[in-house]
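Enquirer: Got a structure for you, questions after.
Protein chains: 2
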Amino acid sequence: MTTINIIGTGNVAWHLAMALQNEDEYAIQAVAGRSPEALSQFTKLATSCVSVDKLQLCDLTIIAVADDAIKKVLKTIPYTEGLFVHTSGSVSMEVLSMYKNHGVLYPLQSFSKGIPLDFTHIPICIEASHKSNIKVLEKVAFALSEKVQEISSPQRKKLHIAAVFVNNFTNHCYTIAQDICTSNELSFDLLRPLLQHTAQKAVQNSPSKMQTGPAKRNDQETIATHLGHLSDRQQQKVYDILSQAITAYYGKKL
Amino acid sequence: MTTINIIGTGNVAWHLAMALQNEDEYAIQAVAGRSPEALSQFTKLATSCVSVDKLQLCDLTIIAVADDAIKKVLKTIPYTEGLFVHTSGSVSMEVLSMYKNHGVLYPLQSFSKGIPLDFTHIPICIEASHKSNIKVLEKVAFALSEKVQEISSPQRKKLHIAAVFVNNFTNHCYTIAQDICTSNELSFDLLRPLLQHTAQKAVQNSPSKMQTGPAKRNDQETIATHLGHLSDRQQQKVYDILSQAITAYYGKKL
Chain A
1 MTTINIIGTG NVAWHLAMAL QNEDEYAIQA VAGRSPEALS QFTKLATSCV
51 SVDKLQLCDL TIIAVADDAI KKVLKTIPYT EGLFVHTSGS VSMEVLSMYK
101 NHGVLYPLQS FSKGIPLDFT HIPICIEASH KSNIKVLEKV AFALSEKVQE
151 ISSPQRKKLH IAAVFVNNFT NHCYTIAQDI CTSNELSFDL LRPLLQHTAQ
201 KAVQNSPSKM QTGPAKRNDQ ETIATHLGHL SDRQQQKVYD ILSQAITAYY
251 GKKL
Chain B
255 MTTINIIGTG NVAWHLAMAL QNEDEYAIQA VAGRSPEALS QFTKLATSCV
305 SVDKLQLCDL TIIAVADDAI KKVLKTIPYT EGLFVHTSGS VSMEVLSMYK
355 NHGVLYPLQS FSKGIPLDFT HIPICIEASH KSNIKVLEKV AFALSEKVQE
405 ISSPQRKKLH IAAVFVNNFT NHCYTIAQDI CTSNELSFDL LRPLLQHTAQ
455 KAVQNSPSKM QTGPAKRNDQ ETIATHLGHL SDRQQQKVYD ILSQAITAYY
505 GKKL
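Chains as they are written, first to last, in the working numbering: chain A, 1 to 254; chain B, 255 to 508.
Take a look at the structure:
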C-alpha cells in the first residue's frame, strides 16, 4: 500500500483525490490546505484533513497548488523523505530539487469544479529525478489513466503553451461568438453543433487540413466586411490578427 | 412531389443532395455545374447532371456555389419561375430579388468532403420574400433537420461572423498547438482530450463561465514567459492579442 499526501484543495487536488480513492493500492493519508472550508470537501476522500505543517511522513507527496504557491508551500512541509511531485504544466521539476526523490505528475486537462471527468482518457505526463521514481509515478499514473507519457521539463513547458491555444484561446473565441449572438438576438445554440463538429474533426484529423473560411482563401473583401460589422475593439483585433495569421500560414504553404 | 435543381458541385451541394435524395417528397431533378468531373459524383443522386444553361424549370432552385460566384451563375439560369434560394451565410437575400419568389436556406455547418454529417442536428436558417415561401422552405428544412429558424439577412451576416470565430479561428488555434507539439517531438494526441473537453464544456455551458488560464488570472509573468518561448512571429501575435482580449474582458467584468 502506497500512502499519499495531497497538498492543495483546488480543482486538480479534488479530481486527483476523487480518482485515487477508488484505487486499492493507494491510501490518501491526508489532504492539506489552509482553508477549513475548502478542506471540508475532502473529509470523505482522505483519512485526515489538516494544515500543511501538520502533515506526517508518507510515500508520495503530491503538491497540487497554484504555480506561484509551490515554493511557499514547500517551506511548511515538516518532512523531506519520500517522493515529492507537483502537478503543474509550467513549473520546472527543479523547484523540488531540495528533496532527494522528486518529480512531476502533470494531468493534461482543464479541471473545473463540479464538471465530472473520467481520468481514464486524460494524458498524464510524468518526469522524475531517478529511474526508480519514474517507475513509481508510472504506476500511479497508470492507475489513473491509460495514457501515460514521460516528458522533460522543457517539453512540458511547450505542451502547456500549446494547451493555452487549445483551451484558453478557443474558449475565448466561443465567448466572442456567444456575445455576437446575444447582441443580435440569436441563440448560441445555433452555433453549438458547428463548435462541436469543428473539435471532432480536429480529434480525428490534422487540423491544418480542416481549415476553411475567408482568411484561408485570402478573401480580403469578406474579411474587411466582417471587420466593419464588429463594433467591439477587442473582437476586431482578435479577428484581424487571427485572419492575418491564417492567411500567412496557408500563403506560405501554397 | 417538389422538384429541385441544385446548382453547384461543392461540399454544400453534395451534402444537400445526399440528404435530400432520402426524402420521398422531394425529387432532385438536376444538379448543375461546370466541371464534368465534379458533376460525375452526383450521377446517382439526381435524375440528370447538366450545365446550368441546360437546366429545366422546377419548383425549387438551390444555388449552392461560392459567395462570389452567385451573381455570375444567375445570368445563365434559363428560367425565372419557381422559388430561388442560396445557401450562403454572408450574402444578402436581395441578390436574388430579380426573382419574384426568393429566399435563403443556410445550413450552419462547416462542410468538408468525405467527412460524413448527420443533417438532423445541423441548424438551418431560413429567410424568404413572402410568407408562403417561408412555409415551403420550412418544410424542406424540417425534412433535413430538426433545428430550423427564421432569421433576417443582417442577423445571418452576424451569425456567419460568429461562425468564423467558432470554426475558423478555433481550428487555427488547434493548428498552432499541433505545430508547437511537432517542433518539440510531442504527439498532438496529448492535447486531443483537452480540445474535445473544452468544446464539450462550451456545448453544455456558457463559455465565459468556463474560461481559465494565465490571461484570465491576469498573470503577466506567465504570459511573458510563454511569449518568450514562442519563436514564430505569427504565433506570438495570436498569443499576445488573445491574452490581451481575455484580460480586458474579465478585467472589465470584475
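Cβ coordinates follow ideal geometry from the N, Cα and C atoms, glycine included.
(1) For chain A, find out if any of its Cβ atoms is closer than 7 Å to the Cβ of Y504 of chain B; answer yes or no.
(2) Give the DSSP bridge partners of F86 of chain A, in chain order.
(3) So what does C49 of chain A bridge to, in DSSP terms?
(4) Anyone know if the C-beta pair for A382 of chain B and A318 of chain B falls short of 7 Å?
(5) Nearest by alpha-carbon distance to L270 of chain B: which of B:P290, B:P468 and B:T374 is it?
(6) Kindly list, in the order they appear in chain B, the residues whose Cβ is closer than 7 Å to that of P123 of chain A.
(7) Cβ of Q234 of chain A less than 7 Å from any chain B Cβ?
(8) When you compare the CB positions of V402 of chain B and L191 of chain A, do they come within less than 7 Å of one another, or not?
(9) Which word fits M347 of chain B, buried or exposed, when buried means at least 16 other C-beta atoms lie within 10 angstroms of its C-beta?
(10) Pairing CB atoms from the stretch 464–484 of chain B with CB atoms from the stretch 215–225 of chain A, are three or more of them under 8 Å?
(11) Using a beta-carbon distance below 7 Å, is L496 of chain B in contact with chain A?
(12) For the beta strand (DSSP E) containing N259 of chain B, list its first residue and its last residue.
(13) Any heavy atom of the ligand HEM inside 6 Å of the beta-carbon of Q275 of chain B?
(14) Kindly list the residues whose CB is nearer than 8 Å to the CB of L254 of chain A, restricted to its own chain and excluding five residues on each side of it in sequence; keep chain order.
(15) Check whether the Cβ atoms of T424 of chain B and P207 of chain A sit closer than 7 Å, and answer yes or no.
(16) Pick helix, strand or coil for L508 of chain B, following the three-state DSSP scheme.
(17) Taking CB distances under 7 Å as the criterion, tell me whether V266 of chain B reaches chain A.
(18) For Q235 of chain A, which of helix, strand or coil comes out of DSSP?
(19) Taking contact to mean at least 3 C-beta pairs separated by less than 8 Å, is the stretch 192–206 of chain A in contact with the stretch 125–145 of chain A?
(20) Counting only beta-carbon separations shorter than 7 Å, does N184 of chain A have a partner in chain B?
(21) With distance defined between alpha-carbon atoms, name the residue in A:S145, A:N184 and A:Q155 nearest to I415 of chain B.
(22) Using a C-beta cutoff of 7 Å, does Y174 of chain A count as contacting chain B?
(23) Assuming C379 of chain B is part of the beta strand (DSSP E), what are its boundary residues?
(24) Quick one: Cα of Q235 of chain A to Cα of C427 of chain B, how far?
(25) Assuming V345 of chain B and H356 of chain B make a contact with CB atoms under 8 Å, what is their CB distance in whole Å?
(26) Does the distance from the C-beta atom of L391 of chain B to that of L186 of chain A stay below 7 Å?
(27) Is the Cβ of H86 of chain A closer than 7 Å to any Cβ of chain B?
(28) For I388 of chain B, would you say it is in contact with chain A, using Cβ-to-Cβ distances shorter than 7 Å as the test?
(29) Where T466 of chain B and N168 of chain A are concerned, what is the direct C-alpha to C-alpha distance, given to the nearest angstrom?
(30) Quick check on V420 of chain B: does DSSP put it in helix, strand or coil?
(31) In whole angstroms, what is the alpha-carbon distance linking G10 of chain A and L117 of chain A?
(32) Okay, do the stretch 46–62 of chain A and the stretch 23–34 of chain A touch, 3+ Cβ pairs below 8 Å being the bar?
(33) Closer than 8 Å by C-beta to S153 of chain A: which residues in its own chain qualify, once you throw out the five before and the five after it? Chain order, please.
(34) If we cut at 7 Å on Cβ distances, does V461 of chain B have a partner in chain A?
(35) Could you check what DSSP says for Q56 of chain A in three-state terms: helix, strand or coil?
(36) Could you please give the first and the last residue of the uninterrupted beta strand (DSSP E) stretch that includes E150 of chain A?
Expert: Judging by the given coordinates:
(1) no
(2) What sits at residue 86 of chain A in the sequence shown is His, not Phe. As a beta-bridge residue in DSSP terms, H86 of chain A pairs with A:I63 and A:V104.
(3) A:V31
(4) no
(5) Nearest of B:P290, B:P468 and B:T374 to L270 of chain B, Cα basis: B:T374.
(6) Those within 7 Å of P123 of chain A in chain B are L444 and P447.
(7) yes
(8) no
(9) buried
(10) no
(11) yes
(12) Bounds of the beta strand (DSSP E) holding N259 of chain B are T256 to I261.
(13) As for the ligand HEM, it is missing from this structure, which has no ligand bound.
(14) Here the model assigns L254 of chain A a pLDDT of 48, short of 50, so the residue's position is not dependable, and the following value carries that caveat. Here the set comprises nothing.
(15) With contacts defined as CB atoms closer than 7 Å, T424 of chain B and P207 of chain A fail to qualify as a contacting pair.
(16) For L508 of chain B, the pLDDT reaches just 48, beneath the cut-off of 50, and the residue's location in the model is therefore unreliable, although a value from the coordinates is still provided. Residue state, collapsed to three classes: coil.
(17) no
(18) helix
(19) No, the stretch 192–206 of chain A does not touch the stretch 125–145 of chain A.
(20) yes
(21) A:N184
(22) yes
(23) I378 to A382
(24) 16 Å
(25) V345 of chain B to H356 of chain B, Cβ: 12 Å. No contact.
(26) L391 of chain B is not a Cβ neighbour of L186 of chain A, given a cutoff of 7 Å.
(27) no
(28) No, no contact with chain A.
(29) 6 Å
(30) Residue state, collapsed to three classes: helix.
(31) 15 Å
(32) yes
(33) S92, M93, E94, V104 and E127
(34) It is Pro, not Val, that sits at residue 461 of chain B in the sequence shown. Closer than 7 Å to some Cβ of chain A, the Cβ of P461 of chain B qualifies, so yes.
(35) coil
(36) V148 to E150
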